[in-house]
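Numbering (our numbering), first residue to last: 641 to 938. Just so you know, even glycine gets a beta-carbon here, dropped at the ideal spot from N, CA and C. Just so you know, these numbers come straight off a predicted model, no measurement behind them. Structure, as structure tokens:
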Amino acid sequence: MSATAHGKVILLGEHAVVYGQPCLAGSLHPGASCDAEHGPGGVRLHVVPWDRSFTPDDGSEIGRAVGGLCAALGVSDAALTLTLSLPGGGGVGSSAAMGVACARALAELAGRSLDDHAVMELALGWERVFHGNPSGVDHTLAALGGVGVFVRGEGLRRLRLRGPVPLCLGDTGERSATRAMVEGVAVLRTRNPAMTDRTLDAIGVVVRNGALALEAGDAKGLGDFMNLNQNLLASLLVSTERIEDLCAAARDAGAYGAKLTGGGGGGCVIALAPGREDAVLAAWKTLGVDGRVVQVGR
Ligand code: PMV
Numbered sequence: 641m642s643a644t645a646h647g648k649v650i651l652l653g654e655h656a657v658v659y660g661q662p663c664l665a666g667s668l669h670p671g672a673s674c675d676a677e678h679g680p681g682g683v684r685l686h687v688v689p690w691d692r693s694f695t696p697d698d699g700s701e702i703g704r705a706v707g708g709l710c711a712a713l714g715v716s717d718a719a720l721t722l723t724l725s726l727p728g729g730g731g732v733g734s735s736a737a738m739g740v741a742c743a744r745a746l747a748e749l750a751g752r753s754l755d756d757h758a759v760m761e762l763a764l765g766w767e768r769v770f771h772g773n774p775s776g777v778d779h780t781l782a783a784l785g786g787v788g789v790f791v792r793g794e795g796l797r798r799l800r801l802r803g804p805v806p807l808c809l810g811d812t813g814e815r816s817a818t819r820a821m822v823e824g825v826a827v828l829r830t831r832n833p834a835m836t837d838r839t840l841d842a843i844g845v846v847v848r849n850g851a852l853a854l855e856a857g858d859a860k861g862l863g864d865f866m867n868l869n870q871n872l873l874a875s876l877l878v879s880t881e882r883i884e885d886l887c888a889a890a891r892d893a894g895a896y897g898a899k900l901t902g903g904g905g906g907g908c909v910i911a912l913a914p915g916r917e918d919a920v921l922a923a924w925k926t927l928g929v930d931g932r933v934v935q936v937g938r
């Protein structure tokens with residue numbers, strides 16, 4: 641039994657999406673793939689790139705998450721092998737991709753045929769183990785793929801685009817738990833509700849306009865909204881010096897726009913630089929980052 645799932649990048653709108661604002665996001669492929677077979681007893685998940693195995697009662701979050709999936713599907717013995725094609729914890733939806741791939745593989749092993757909606761329900765349970773208040777954008781893109789505007793509780797409205805969106809993706813190498821970053825914004829909102837809510841509203845406006853720019857094929861416009869979004873994210877205290885350095889280097893190399901993607905506090909940076917991708921990757925290289933070009937929504 642073998643199953644796959646997508647990763648994701650948020651082009652615009654992370655954090656504000658937790659509070660009901662729209663976000664513009666697209667899938668990355670490949671994300672994760674999972675093979676499942678009946679095991680010699682009990683449940684074990686092996687994550688190939690980390691060369692680590694997890695079991696439901698080993699005290700780890702991944703162990704607990706896979707245990708939850710097995711309980712929901714009535715699976716008591718399974719040997720799962722997971723391959724991840726994304727940087728873990730880098731803001732590109734690796735955890736949701738793992739959850740969706742595992743849910744699909746386990747459902748197949750259990751002889752259950754699940755539609756995408758049922759897979760997303762299972763993957764939401766997986767996501768809740770890792771961060772307390774997920775908006776749902778990660779596991780929705782992981783299951784469905786494509787590019788669209790996601791609203792919490794409403795789902796994904798797909799955009800009709802002429803083709804995938806090429807983006808430069810660079811990993812700062814810094815790591816922060818999404819849970820901690822989301823909690824940080826919640827604390828800011830408690831301390832300074834008016835300022836924080838105005839910022840979240842402004843991000844919502846940026847997302848709506850950015851989606852129009854993307855649909856119209858206006859790369860320069862979309863890039864401007866990415867830069868605005870990055871400033872608003874910095875004012876929510878989720879950026880870092882390293883993120884700002886990579887964004888500035890990308891813009892100096894000709895990118896229309898650059899910003900963090902995902903929870904921030906490190907993780908990955910995206911840059912929209914049609915025809916200037918090589919210059920952006922070269923600029924990042926001088927900062928010690930091996931970036932790559934990804935096709936979002938393919
Ligand atoms: O860091 P990631 O890939 O899990 O993305 C988090 C995106 C947030 O908007 C910060 C949180 C969420 O649940 O939408």
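query, result
"Closer than 6 Å: Gly731 CB and nearest the ligand PMV heavy atom", "yes"
"Beta-carbon proximity list for Gly772, same chain, < 8 Å, skipping 5 on both sides", "Arg819, Val822 and Glu823"
"Cβ-Cβ distance between Leu668 and Ala718 below 7 Å", "no"
"Status (buried if at least 16 other CB within 10 Å, exposed otherwise) for Val827", "exposed"
"Coil, strand or helix - Asp811 by DSSP", "strand"
"Thr818 Cβ short of 6 Å to the ligand PMV heavy atom set", "yes"
"Same chain, Cβ closer than 8 Å to Val759, neighbours up to 5 away in sequence not counted", "Val740, Ala743, Arg744, Ala747 and Ala783"
"Separation of Leu664 from Gly803, as counted between CA atoms", "16 Å"
"Contact between the stretch 685-701 and the stretch 878-892 (3+ Cβ pairs under 8 Å)", "no"
"DSSP three-state assignment for Thr926, whether helix, strand or coil", "helix"
"Three CB pairs or more closer than 8 Å across the stretch 647-656 and the stretch 850-870", "yes"
"Those residues which DSSP pairs with Ile702 across a bridge", "None; Ile702 has no bridge partner."
"Cβ-Cβ distance between Ala874 and Ala895 below 7 Å", "no"
"Collapsed DSSP secondary structure at Leu912 in the structure displayed", "strand"
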